[in-house]
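Asks: I am attaching a structure below and will ask some questions about it afterwards.
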């Protein structure tokens with residue numbers, strides 16, 4: 049797949065670490081044939097997913113994150129009321 053300069057890359061690990069990196073911040077070429085490291089993972093952890101986030105999709109992702117945070121807050125409030 050191809051990415052564009054204004055896209056972002058989202059990398060997810062098996063331990064649940066997620067990072068977003070702007071494509072513009074990734075060097076096109078690393079040291080001699082070693083590639084480019086996007087993130088370091090701890091021992092026992094591994095990358096399980098990489099996704100391209102197109103600029104126009106960014107707004108949708110942000111809205112979903114905000115909705116999820118709102119739902120989590122509502123759940124916490126309800127739990128506190130019931131306690």
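Numbering (this note's numbering), first residue to last: 49 to 131.
Heads up, the beta-carbon is just placed ideally off N, CA and C, and yes, glycines get one too.
Nearest-angstrom Cα distance between residue 76 and residue 130?
Replies: 54 Å
Asks: Nearest-angstrom Cα distance between residue 112 and residue 66?
Replies: 15 Å
Asks: In this structure, does DSSP put residue 58 in helix, strand or coil?
Replies: strand
Asks: Do you know whose CA, among 50, 95, 90, 100, lies nearest residue 133's CA?
Replies: Residue numbering for the chain in the displayed model covers 49 to 131; residue 133 lies beyond these limits and cannot be assessed.
Asks: Identify the continuous beta strand (DSSP E) that holds residue 69 and give its terminal residues.
Replies: 66-70
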